[in-house]
Amino acid sequence: MEMSALDVLNAMKNDEQPSTKRNEPEKEIPNDMTNDGKYKVLIENLAVSYNGKKAIKDINMKIPDKAVTALIGPSGCGKTTLLRTINRMHDLTKGAEVTGKIIIDGENVYDSHINPILQRRKIGMVFQKPNPFPTMSIWDNVAAGLKLNGVKDKGILNEIVEDSLKMAYLWDEVKDELKKPAVALSGGQQQRLCIARALAIQPEVLLMDEPASALDPIASQKIEQTIIELKKHYTIIIVTHNMQQALRVSDRTGFMYLGDMIEYDKTETVFKNPKKELTSNYVQGRFG
Amino acid sequence: MSNSERRLEFRNYFQDNLGKRMVTDKIVKIIVISCVVIAIIPLGSILADVVRMGIEIISFEFLTALPGAAGSGDGGIANSIQGTFIMIGMTSVIGIPIGVLSGIYVSEYANSRVGKMIRFFNDVMMQFPSIVFGIFAFLFIVLVLGKFNLWAGAVALSLIMFPIIARTTEEALKLIPDTYREAGHALGLPKAVVTVKILLSAAKGGIITGIMLAVARIAGETAPLIMTILGSKGWFRGTETAMDALPLTIWRLSLLPYDEAVMFGWGAALVLITILLALNMSVRYLVLHRKGGSGSLGMFMRITGGKK
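Sequence order for the protein chains is E and A.
Residue numbers for the first sequence follow our numbering, beginning at 1 and rising by one.
Residue numbers for the second sequence follow our numbering, beginning at 289 and rising by one.
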C-alpha cells in the first residue's frame with residue numbers, strides 16, 4: 001500500500017500533537033468585520049513588552065482562513081513583534097514577555113500544555129532577509145525541516161521538495177541543479193527557496209516578515225505572485241513597508257502605530273475609505 | 289559672516305593641512321610594514337635553521353628505526369614519531385569533545401552570567417604554565433597508579449587543549465547570525481537539532497581552526513610529558529607504561545654533548561613541524577573543500593571516489 005507524502009505528514013502531526021482541544025466560547029472581538037469566511041487565527045488582548053517596555057498593547061484581531069492579512073505601519077510600530085508572537089519566536093528573545101491569547105484552531109498557542117516546537121511545525125515563517133542554511137544544497141534546504149525532524153524516506157522527501165519548490169515558483173529555475181549550494185542562488189531565488197523551505201513542513205499558517213524588502217522590483221513581483229497563489233491553500237500574514245504591495249496582495253490590512261492596532265479592516269476599506277484620520281494620513285503618504 | 293563664506297574657510301583649512309596629512313599617512317605605513325618585518329624575522333630564521341639543519345640528517349632509517357646508542361649517529365626517531373601520533377590521538381579523544389561541547393554550552397545555552405564565569409575560567413586556564421598541568425597529572429594519576437602512563441600525559445595535554453577549543457568554538461558560533469537560529473526554530477526543530485545540524489555545520493571552519501591550533505600547541509608541549517610519560521627508547525607497549533614523543537626527544541637530544549645527538553634533535557624538530565603542517569592542511573582540505581555530501585560518510589566517499 002502506498003502512502004502519499006501528505007498522509008505521512010498528517011499521521012506525524014496527529015501522533016505528536018496531544019488532542020486536548022478546548023472549545024473556547026466565541027468572544028465578541030471589538031474590531032470585528034463582516035464575517036465572510038472562517039477565521040484561522042484569533043488574537044485576544046495581546047501585549048508584548050521587552051524588558052518591561054511595552055512594544056505592542058492590547059491587540060485584538062480575527063485573521064481569516066485562506067486569505068492574506070497585511071500588517072502595515074511606520075518602523076518601530078510593532079508589526080514584526082506582533083507577527084513573531086504567532087509562532088512563539090519571542091520564546092527565544094531574552095527579556096520578551098507576552099500576555100494575552102493567540103488561538104489557532106481553538107487552541108491557545110500560549111497555553112502551558114502547548115509545546116512551542118510542535119506548534120511551530122504548523123506555522124511556516126519567511127524572514128526579511130533570505131536566510132537559506134549556508135552549508136546546505138538547494139535540496140537539503142527545502143528538505144531540512146522534514147529531514148532534521150526524522151523523515152527519512154527519500155521518495156517522500158523528493159516528492160515534497162518538488163511540490164514545495166513548485167508552490168514557491170522556483171522549481172523550473174533550479175530543477176537541474178538541486179545539489180548546488182543554496183547560497184549560489186540570486187537574492188530573489190534565495191527568498192523563494194526560503195518560502196519553499198517553510199512550505200515543506202506543510203504548515204497551515206504562513207508568516208512573512210517583509211519578504212520582498214531586500215529584493216529588486218522584478219524579484220518582489222515574483223514573490224507577490226507566489227503569495228497570491230499560496231493563499232488558496234494557506235492563511236498568510238505578511239508584514240510590509242510597501243503599501244502598494246499590501247494593496248496588491250492582501251485581503252485584510254491592519255494599520256499599526258506606536259504599538260496600537262489603529263485600524264483593521266478589508267484592505268480596500270483601509271486604503272480607500274479609512275475610518276481613522278491617522279490611517280488616512282499614513283496610507284496617503286503624509287507621514288511614516 | 290555668511291554661511292557660504294564660512295564654508296569656504298573650512299574648505300581652505302582642509303586644503304592647507306593636506307601636505308601634513310599625506311606625510312602622516314606615509315609614516316604610519318612605514319611603521320606598520322617595519323613591524324611586520326620585525327615579527328617575521330625570528331619566525332623565518334627559526335624555520336630556515338630547522339630546515340637547513342634538519343634536512344641533512346633525515347633519511348629512511350632516521351624515520352623508521354629505533355634510536356641507537358646516544359651520540360653514535362645510528363638509528364632514528366621512529367618511536368618518538370609514533371608516540372607523538374598516539375599522544376595527539378589520545379589527547380584529542382578527551383580534549384575535543386569537552387572543548388567543543390563546552391564552547392556550545394557557553395555560546396548557545398548558558399545565561400550571560402554563567403557564560404561569563406566559564407569564559408573567565410577558560411581564559412585563566414589558557415594562561416597557566418603547562419608544567420602545572422604536568423604536575424597535576426603527575427600527582428593525581430602517575431603517583432596514584434604508581435607508574436608513568438600515557439593517559440596521564442593525555443589528561444595533562446587535554447587540559448591545555450580544551451580551553452583553546454572551547455573559546456574558538458564559542459567565537460565561531462557567535463559569528464553565525466541569529467537569523468539562521470530563527471529559521472531553524474521556525475521549522476519546528478528542537479534546539480539541539482538546530483545547534484548540531486545547522487549551527488555546527490556553519491561554524492565548522494572556525495571550530496576546525498581552533499582544533500588545529502590546539503593540536504599544534506599540545507604536539508609541541510614538553511614539560512607536561514616529562515612528568516607523565518617520561519620518555520623511552522622502545523616502541524609503544526600499551527598505555528600503562530612510559531613512551532617517547534618528539535618534543536621529549538628534541539629536548540633530551542639537545543642537552544647531550546655529542547654533535548650527532550644535536551643533529552638528531554634538529555631532524556626531530558623538522559619532522560614535528562612537517563607533521564603539524566601536513567595534519568593541518570589535510571584536515572582543512574577534507575573538512576572544508578569537499579563539495580556536496582553531508583557528514584563523515586559523504587566525505588569518505590568523496591575521497592575514495594565513490595558515489596553517494
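For each residue, glycine too, the CB sits at the ideal point set by N, CA and C.
- Query: What are the partner residues of residue 207/E, as DSSP defines its beta bridges?
  - Reply: DSSP output for residue 207/E lists 125/E and 237/E as bridge partner(s).
- Query: Who are residue 518/A's beta bridge partners in DSSP?
  - Reply: Bridge pairing for residue 518/A: 531/A [DSSP].
- Task: Given a cut-off of 8 Å, decide if residue 217/E and residue 182/E are closer than it, judged by their beta-carbon atoms.
- Result: Result no, Cβ atoms of residue 182/E and residue 217/E do not sit closer than 8 Å.
- Interface residues of chain E around residue 485/A at Cβ under 7 Å? Here the neighbours are 148.
- Query: Is there contact between the stretch 95 to 115 of chain E and the stretch 43 to 63 of chain E, where contact requires at least three CB pairs shorter than 8 Å?
  - Reply: Of all C-beta pairs linking the stretch 95 to 115 of chain E to the stretch 43 to 63 of chain E, three or more are shorter than 8 Å, placing the two stretches in contact.
- Query: Are three or more beta carbon pairs between the stretch 74 to 94 of chain E and the stretch 453 to 464 of chain A nearer than 8 Å?
  - Reply: Contact fails: fewer than three Cβ-Cβ distances are below 8 Å.
- Below-8 Å beta-carbon distance, residue 167/E vs any chain A residue: So no, residue 167/E is outside the interface.
- Message: So that I know if they touch, is there some Cβ in chain A lying closer than 8 Å to that of residue 270/E?
- Response: Closer than 8 Å: no.
- Smallest Cα separation from residue 554/A: which of 342/A, 320/A, 294/A and 318/A? Answer by Cα proximity: 342/A.
- Would you be able to state if there are at least three C-beta pairs under 8 Å between the stretch 511 to 523 of chain A and the stretch 300 to 316 of chain A? In this structure the stretch 300 to 316 of chain A does not touch the stretch 511 to 523 of chain A; the number of beta carbon pairs closer than 8 Å is below three.
- Coil, strand or helix - residue 96/E by DSSP: Residue 96/E falls in the strand class under three-state DSSP.
- Buried or exposed for residue 255/E, please, with buried defined as at least 16 other CB atoms from any protein chain shown within 10 angstroms of its CB. Burial is judged here by how many other beta carbons sit within 10 angstroms of a residue's own beta carbon; residue 255/E has at least 16 and is buried.
- Reference residue 539/A; option with closest CA among 391/A, 560/A, 563/A and 510/A: Of the candidates 391/A, 560/A, 563/A and 510/A, the one whose C-alpha sits nearest the C-alpha of residue 539/A is 510/A.
- Ignore the nearest five residues each way along the sequence and tell me which others in residue 116/E's own chain have a CB closer than 7 Å to its CB. Same-chain partners within the cutoff: 88 and 91.
- Item | One or two residues paired with residue 256/E in a DSSP bridge | When DSSP reads this structure, residue 256/E sits in a beta bridge with 261/E.
- Supposed contact pair residue 227/E and residue 238/E - C-beta distance, whole angstroms, cut 8 Å: The Cβ separation is near 7 Å, so the contact holds.
- By the criterion of Cβ-Cβ separation under 7 Å, what are the contact partners of residue 131/E in chain A? In chain order: 467, 468 and 471.
- Quick one: Cα of residue 515/A to Cα of residue 488/A, how far? So the two alpha carbons sit approximately 36 Å from each other.
- Look up residue 381/A in the DSSP assignment and say whether it is helix, strand or coil. Here residue 381/A carries a helix assignment [DSSP, helix/strand/coil].
- Just to confirm, are residue 248/E and residue 67/E a CB contact at a threshold of 8 Å? Their beta carbons are not under 8 Å apart, which means residue 248/E does not touch residue 67/E by this criterion.
- Message: Less than 7 Å between C-beta atoms, sequence neighbours within five positions excluded: which residues of the same chain meet that for residue 472/A?
- Response: Excluding sequence positions up to five before and after residue 472/A, its CB lies within less than 7 Å of the CB of 482 and 486, all in the same chain and listed in chain order.
- Query: Under 8 Å between the Cβ atoms of residue 436/A and residue 527/A?
  - Reply: Result no, Cβ atoms of residue 436/A and residue 527/A do not sit closer than 8 Å.
- Task: Could you check what DSSP says for residue 167/E in three-state terms: helix, strand or coil?
- Result: In the structure shown, residue 167/E sits in a helix (DSSP, three-state: H, G or I).
- Is the stretch 325 to 336 of chain A close to the stretch 398 to 413 of chain A, with three or more CB pairs under 8 Å? For the pair of segments examined, the stretch 325 to 336 of chain A was found not to touch the stretch 398 to 413 of chain A: the number of CB pairs separated by less than 8 Å stays below three.
- Within 10 angstroms of the Cβ of residue 565/A, are there 16 or more other Cβ atoms? Answer buried if so, exposed if not. The residue in question, residue 565/A, is exposed, as its Cβ has fewer than 16 Cβ neighbours within 10 Å.
- chain E within 8 Å of residue 438/A, Cβ atoms only: Chain E, which has no Cβ nearer than 8 Å to the Cβ of residue 438/A, makes this no.
- Item | Distance CB(residue 197/E)-CB(residue 144/E) smaller than 8 Å | Going by C-beta atoms, residue 197/E is nearer than 8 Å to residue 144/E.
- With DSSP as the reference, please indicate the residues paired to residue 69/E in a beta bridge. In DSSP, residue 69/E forms a bridge with 237/E and 252/E.
- Task: Quick one: grab the DSSP three-state call for residue 355/A.
- Result: In the three-state scheme derived from DSSP, where H, G and I count as helix and E and B as strand, residue 355/A is classed as strand.
- May I ask you to list the residues that DSSP assigns as paired with residue 47/E? Bridge partners of residue 47/E: 99/E.
- Given a limit of 9 Å on CB to CB distance, which residues of the stretch 215 to 240 of chain E reach chain A? Of all residues in the stretch 215 to 240 of chain E, none has a Cβ within less than 9 Å of some Cβ in chain A.
- Message: Less than 8 Å between the beta carbons of residue 362/A and residue 371/A, yes or no?
- Response: Not closer than 8 Å, so no.
- Task: Please name the residue in 205/E, 62/E and 219/E whose C-alpha comes closest to that of residue 193/E.
- Result: Cα-wise, what sits closest to residue 193/E is 219/E.
- Message: Comparing C-alpha positions only, which one of 572/A, 327/A and 348/A sits nearest to residue 493/A?
- Response: Relative to the Cα of residue 493/A, the nearest Cα in the group 572/A, 327/A and 348/A belongs to 572/A.
- residue 222/E: first and last residue of the uninterrupted alpha helix (DSSP H) it sits in: Its alpha helix (DSSP H) spans residues 217 to 230.
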